[in-house]
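Asker: Protein chains in written order, with the numbering used here: chain X, 7 to 321; chain Y, 129 to 387.
(1) Quick one: is residue 322 (chain X) near chain Y, going by C-beta distance under 8 Å?
(2) Measure the Cβ-Cβ separation of residue 210 (chain X) and residue 202 (chain Y) and say whether it is below 8 Å.
(3) Using a threshold of 8 Å, state whether the C-beta atoms of residue 223 (chain Y) and residue 306 (chain Y) are closer than that.
(4) From the DSSP output, in three-state form, read off residue 160 (chain Y) for me.
(5) So with CB distances below 9 Å, who are the chain X contacts of residue 217 (chain Y)?
(6) Can you tell which of X:164, X:158 and X:186 has its C-alpha closest to the C-alpha of residue 175 (chain X)?
(7) Given a threshold of 16 other Cβ atoms within 10 Å of its Cβ, counted over all protein chains shown, does residue 289 (chain Y) qualify as buried or as exposed?
(8) Mind listing, in chain order, the continuous alpha helix (DSSP H) runs of no fewer than 4 residues lying wholly within the region 65-133 of chain X?
(9) Helix, strand or coil: how does DSSP classify residue 313 (chain Y) here?
(10) If you drop the 5 nearest sequence neighbours on each side, which residues of the same chain put their C-beta closer than 7 Å to that of residue 61 (chain X)?
(11) Should the region 235-254 of chain X be called in touch with the region 77-93 of chain X, which here means at least 3 C-beta pairs below 8 Å?
(12) Using the three-state DSSP reduction, which class does residue 134 (chain Y) fall into: helix, strand or coil?
(13) Suppose the cutoff is 8 Å on Cβ atoms and the five residues either side in sequence are ignored; what does the same chain contact list for residue 313 (chain Y) look like?
(14) Please state the DSSP three-state secondary structure of residue 342 (chain Y).
(15) Under DSSP, the beta strand (DSSP E) around residue 351 (chain Y) begins and ends at which residues?
(16) Could you please give me the residues that DSSP links to residue 302 (chain X) through a beta bridge?
(17) Under the assumption that residue 137 (chain X) contacts residue 257 (chain X) (Cβ atoms under 8 Å), give the Cβ distance between them as a whole number of angstroms.
(18) According to the neighbour-count rule (16 or more other Cβ atoms, all chains shown, within 10 Å of its Cβ), is residue 133 (chain X) buried or exposed?
(19) Buried or exposed: residue 188 (chain Y), going by 16 or more other Cβ atoms within 10 Å of its Cβ?
(20) Per DSSP, what are the beta-bridge partners of residue 152 (chain Y) in this structure?
(21) Would you grab the beta carbon distance between residue 255 (chain Y) and residue 242 (chain Y) for me? Rounded to a whole angstrom, and I think it's under 8 Å.
(22) Could you give the first and the last residue of the continuous alpha helix (DSSP H) run that contains residue 365 (chain Y)?
(23) Look at residue 109 (chain X) and residue 196 (chain X) and say whether their C-beta atoms are less than 8 Å apart.
(24) Could you check how far apart the C-beta atoms of residue 250 (chain X) and residue 271 (chain X) are, in whole angstroms? I think they sit under 8 Å.
(25) Hey, could you find the ends of the beta strand (DSSP E) residue 195 (chain Y) is sitting in?
(26) Residues of chain Y with a CB under 9 Å from the CB of residue 302 (chain X): which are they?
(27) Contact criterion: CB-CB distance below 8 Å. Does residue 124 (chain X) meet it with respect to chain Y?
(28) I want to verify the contact list: residues of chain X whose CB lies under 7 Å from the CB of residue 247 (chain Y), in sequence order.
(29) Tell me, please, whether the CB atom of residue 203 (chain X) is closer than 8 Å to any CB atom in chain Y?
(30) Determine, using beta carbons only, whether residue 287 (chain Y) comes closer than 8 Å to chain X.
(31) Would you mind sorting residue 85 (chain Y) into buried or exposed? The rule is 16 or more other CB atoms within 10 Å of its CB.
(32) Based on the DSSP secondary-structure assignment, which residues constitute the bridge partners of residue 180 (chain Y)?
(33) Would you call the CB atoms of residue 177 (chain Y) and residue 146 (chain Y) closer than 8 Å?
(34) Can you name, in chain order, every residue of its own chain whose Cβ lies under 7 Å from the Cβ of residue 262 (chain Y), other than the five neighbours on each side?
(35) Can you list, in chain order, the residues of its chain whose CB lies under 6 Å from that of residue 221 (chain X), leaving out five sequence neighbours each side?
(36) I'd like to confirm the pairing. Which residues does DSSP put opposite residue 157 (chain X) in its beta bridges?
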């Protein structure tokens with residue numbers, strides 16, 4: 007990056023007439039601006055590194071007392087009990103189950119919404135609908151949590167009478183609704199970026215609107231749509247308040263969404279609300295859990311990057 | 129001279145066209161389209177030639193608020209393609225189009241050509257494969273791509289992409305093919321290929337082509353129409369238009385004094 011800029015500077019310096027090239031003050035100013043811009047860009051990078059470093063440092067302390075084998079194969083997570091067990095699997099199961107339920111709602115609904123808004127809705131409908139949809143993003147997640155607990159769960163209990171008050175199904179469903187605008191918005195932007203000439207080509211072949219949307223626009227926007235899904239997965243895996251409130255905080259090794267269970271995030275928020283002494287194993291356990299969460303999100307992001315690269319479109 | 133024995137394939141009659149903003153882009157345009165002939169539309173930018181071309185397959189329907197008046201009648205069945213009861217999709221099945229910039233779909237070479245058959249729900253794999261091969265041969269592209277039909281269409285060169293778009297338009301056996309400045313994004317060799325292809329295609333179908341390039345109109349077309357400010361100024365045999373135009377405006381444009 008830097009070398010590229012230097013090369014560019016050199017190249018332009020060669021072409022500029024000597025009368026103009028002598029401007030040292032302008033050069034200096036440019037350098038300062040470049041430096042400020044670089045610092046701004048690096049601040050985010052440094053923050054990320056700092057977070058990773060702290061996660062690693064505290065987790066290291068944790069893993070001095072708990073073996074990796076116990077951490078990944080144990081089926082009980084009770085770090086705060088007298089009889090402490092440190093198996094992360096119940097938390098991972100909770101996280102995956104709630105995320106799966108959420109995505110099962112958000113991916114189809116979000117994609118269909120994006121297709122509708124981009125390809126079918128009139129200009130007026132779109133101008134009204136999109137801001138309302140994006141308003142959903144601004145609703146505090148705690149509100150969604152209580153919506154799940156106090157409205158959706160009683161509703162579901164009418165269909166499934168045995169459903170417990172805290173369950174992953176209700177939390178996942180509401181989380182899915184919460185994520186719909188993310189998918190719809192990003193995917194719609196990707197579809198609208200598909201050039202009109204491509205749509206015209208499809209219509210000129212006698213295709214209908216629906217055929218054009220499904221067979222031409224959607225494949226052309228694949229990389230953007232995948233980006234939307236990845237964003238949604240990261241949101242779902244990292245979501246805290248909805249699951250902490252509505253899914254219960256009892257670690258429970260199950261993939262059955264009709265049961266209650268704690269997710270990684272729910273555990274972190276639960277422990278963080280109590281007052282544990284620093285450097286205690288309970289305190290360190292939230293960093294170990296956080297590290298797992300970080301690695302999970304990282305894996306999804308890398309996967310998304312690979313898929314996007316594969317489907318990068320050259321229109 | 130207009131050969132009276134040549135059958136009419138289509139004709140526009142007193143065609144007016146208004147864009148959604150109220151601008152009248154075509155003013156009472158009447159023009160015949162003779163079967164198995166190439167008709168070229170020439171004129172300065174903004175004269176309405178592309179607008180006119182896009183009336184034939186009702187491309188303007190894609191954008192709300194556009195309005196047609198008058199008729200474009202197809203022969204021998206006397207269908208007015210602009211009539212309210214006529215389905216634009218039916219029209220586009222009979223009249224296909226090649227665009228200014230090659231616009232292949234994000235699909236394989238094979239699937240690009242098969243697209244028209246797929247949207248018509250052709251399920252028979254044999255039929256699809258045969259039609260695709262035939263269309264690619266018709267577009268003089270078969271020999272270059274027959275070993276990589278499953279490659280993405282974007283990997284082809286610009287000229288190949290444009291021939292792919294012609295193959296795509298050809299695969300559904302249209303009666304008329306519209307070309308909207310088909311070579312303006314191509315280099316001279318690719319342009320020559322496309323022109324040669326057009327001359328071959330006219331044995332099978334009727335061609336209407338918009339071009340900015342006067343030499344191209346003179347080289348490939350049988351009839352030429354000169355348009356200016358939405359009006360049809362002059363229409364006639366290409367040889368006549370380019371050697372003894374009757375209207376002063378046509379002569380000025382062709383000789384480069386104007387436009």
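Every residue gets a Cβ at the ideal spot worked out from N, C-alpha and C, and that includes glycine.
Answerer: Put simply:
(1) The requested residue 322 (chain X) does not occur in the structure, where chain X is confined to residues 7 to 321.
(2) Along the first chain, one-based indexing puts residue 210 (chain X) at 204. Along the second chain, one-based indexing puts residue 202 (chain Y) at 74. No, the Cβ-Cβ distance between residue 210 (chain X) and residue 202 (chain Y) is not below 8 Å.
(3) Position 95 of the second chain holds residue 223 (chain Y). Position 178 of the second chain holds residue 306 (chain Y). Contact flag set, yes.
(4) What you label residue 160 (chain Y) is simply residue 32 of the second chain in a count that begins at 1. DSSP places residue 160 (chain Y) in strand when its eight states are reduced to three.
(5) What you label residue 217 (chain Y) is simply residue 89 of the second chain in a count that begins at 1. Those within 9 Å of residue 217 (chain Y) in chain X are 209, 212, 213 and 214.
(6) As a first step, residue 175 (chain X) is located in the first chain; it is residue number 169 there, counting from the start. For residue 175 (chain X), the nearest C-alpha among the options comes from X:158.
(7) The residue labelled residue 289 (chain Y) in the question sits at position 161 within the second chain. Buried, since its Cβ has 16 or more Cβ neighbours within 10 Å.
(8) 74-79 and 95-121
(9) Taking the first residue of the second chain as position 1, residue 313 (chain Y) is located at position 185. In the structure shown, residue 313 (chain Y) sits in coil (DSSP, three-state: anything other than H, G, I, E or B).
(10) Within the first chain, the letter at position 55 stands for residue 61 (chain X). For residue 61 (chain X), where only same-chain residues beyond five positions count, the Cβ hits under 7 Å are 293, 296, 297 and 300.
(11) no
(12) For the purposes of this step, residue 134 (chain Y) is taken as the residue at position 6 of the second chain. If DSSP states are grouped into helix, strand and coil, residue 134 (chain Y) belongs with coil.
(13) Position 185 of the second chain, counted from the first residue, corresponds to residue 313 (chain Y). The answer, listed in chain order, is 228, 229, 230, 286 and 290.
(14) What you label residue 342 (chain Y) is simply residue 214 of the second chain in a count that begins at 1. Helix at residue 342 (chain Y).
(15) Within the second chain, residue 351 (chain Y) is the residue found at index 223, counting from 1. Residue 351 (chain Y) -> beta strand (DSSP E) spans 351-356.
(16) Looking up residue 302 (chain X) in the first chain gives position 296. Answer by DSSP bridge pairing: none, since residue 302 (chain X) is not bridged.
(17) The residue given as residue 137 (chain X) occupies position 131 in the first chain. The residue given as residue 257 (chain X) occupies position 251 in the first chain. No, residue 137 (chain X) and residue 257 (chain X) are not in contact; Cβ-Cβ is about 40 Å, not under 8 Å.
(18) Taking the first chain and counting its residues from 1, one reaches residue 133 (chain X) at position 127. It counts as exposed.
(19) Here residue 188 (chain Y) corresponds to residue number 60 of the second chain, with the count starting at 1. Residue 188 (chain Y) is buried by the Cβ-count criterion.
(20) The count along the second chain starts at 1 and reaches residue 152 (chain Y) at position 24. Answer is Y:146, bridged to residue 152 (chain Y).
(21) Taking the second chain and counting its residues from 1, one reaches residue 255 (chain Y) at position 127. Taking the second chain and counting its residues from 1, one reaches residue 242 (chain Y) at position 114. The Cβ separation is near 10 Å, so there is no contact.
(22) Translated into the one-based positions of the second chain, residue 365 (chain Y) becomes position 237. Element bounds for residue 365 (chain Y): not the alpha helix (DSSP H) but the beta strand (DSSP E), 359-365.
(23) The residue labelled residue 109 (chain X) in the question sits at position 103 within the first chain. The residue labelled residue 196 (chain X) in the question sits at position 190 within the first chain. No.
(24) To locate residue 250 (chain X), count along the first chain from 1; it is residue 244. To locate residue 271 (chain X), count along the first chain from 1; it is residue 265. Indeed they touch by this definition, with Cβ atoms about 7 Å apart.
(25) For the purposes of this step, residue 195 (chain Y) is taken as residue 67 along the second chain, with counting starting at 1. Counting along the chain, the beta strand (DSSP E) containing residue 195 (chain Y) begins and ends at 195-202.
(26) In the first chain, residue 302 (chain X) corresponds to position 296, counting from 1. Within chain Y, no residue comes near residue 302 (chain X); the closest Cβ sits about 31 Å away, beyond 9 Å.
(27) One-based indexing of the first chain puts residue 124 (chain X) at position 118. Not closer than 8 Å to any Cβ of chain Y, the Cβ of residue 124 (chain X) fails to qualify, so no.
(28) By one-based count along the second chain, residue 247 (chain Y) stands at place 119. The answer, in chain order, is 211, 212, 213 and 217.
(29) Numbered from its first residue, the first chain carries residue 203 (chain X) at position 197. Answer yes: the Cβ-Cβ gap between residue 203 (chain X) and chain Y drops below 8 Å somewhere.
(30) As a working note, residue 287 (chain Y) is residue 159 in the second chain. So no, residue 287 (chain Y) is outside the interface.
(31) Because chain Y is modelled from 129 through 387, residue 85 (chain Y) falls outside the range shown and cannot be assessed.
(32) Working through the second chain from its first residue, we reach residue 180 (chain Y) at position 52. Note: residue 180 (chain Y) sits in no beta bridge, so no partner.
(33) Residue numbering aside, residue 177 (chain Y) sits at position 49 when the second chain is read from its first letter. Residue numbering aside, residue 146 (chain Y) sits at position 18 when the second chain is read from its first letter. Going by C-beta atoms, residue 177 (chain Y) is not nearer than 8 Å to residue 146 (chain Y).
(34) Against the second chain, residue 262 (chain Y) aligns to sequence position 134. Cβ within range, chain order: n/a, list empty.
(35) On the first chain, position 215 is the one that residue 221 (chain X) refers to. Once the five neighbours on either side are set aside, residue 221 (chain X) has no close Cβ partner at all.
(36) By 1-based counting over the first chain, the position of residue 157 (chain X) is 151. None; residue 157 (chain X) has no bridge partner.
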